[in-house]
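Below you'll find the structure, written out as structure tokens, and then a few comments.
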Amino acid sequence: MAKSAEVKLAVFGKAGVGKSAIVVRFLTKRFIWEYDPTLESTYRHQATIDDEAVTMELLDTAGQVMTAQFVHSKVRKTAMG
Numbered sequence: 030m031a032k033s034a035e036v037k038l039a040v041f042g043k044a045g046v047g048k049s050a051i052v053v054r055f056l057t058k059r060f061i062w063e064y065d066p067t068l069e070s071t072y073r074h075q076a077t078i079d080d081e082a083v084t085m086e087l088l089d090t091a092g093q094v095m096t097a098q099f100v101h102s103k104v105r106k107t108a109m110g
């Protein structure tokens, strides 16, 4: 059995713009109105894309101040696992 492709995604943006709403909508096909805006969450999801199994790890960041150093550290954390 072939190993599935692995993809790591990070969602960035200011507080209150809908990052969590987009992630939850993608994962569950539902829209949830209320979220805890201070939480950073990581989700795993499996899907079939172009007849290939894909395992996704999604990092839903909290709406912190976005400095270049902050973004770089989160990208590195996501990439390294």
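Just so we're aligned, residue 30 is where the sequence shown starts under the numbering used here, counting upward by one. C-beta: ideal position from N, C-alpha, C; glycine also.
Between glutamate 69 and leucine 88, the alpha-carbon positions lie close to 7 Å from each other. Nearest Cα to alanine 34 within the set Thr90, Lys103, Arg73: Arg73. In the structure shown, the three-state DSSP call for serine 33 is coil. If you look at isoleucine 51, you'll find it in the alpha helix (DSSP H) that goes 48 to 57. DSSP places alanine 82 within a strand segment (E or B) once states are collapsed to three.
Distance from the Cα of alanine 44 is smallest, within the candidate group Val104, Val52, Gln93, Ala108, for Gln93. In this structure, DSSP gives alanine 39 an extended state, which the three-state scheme calls strand.
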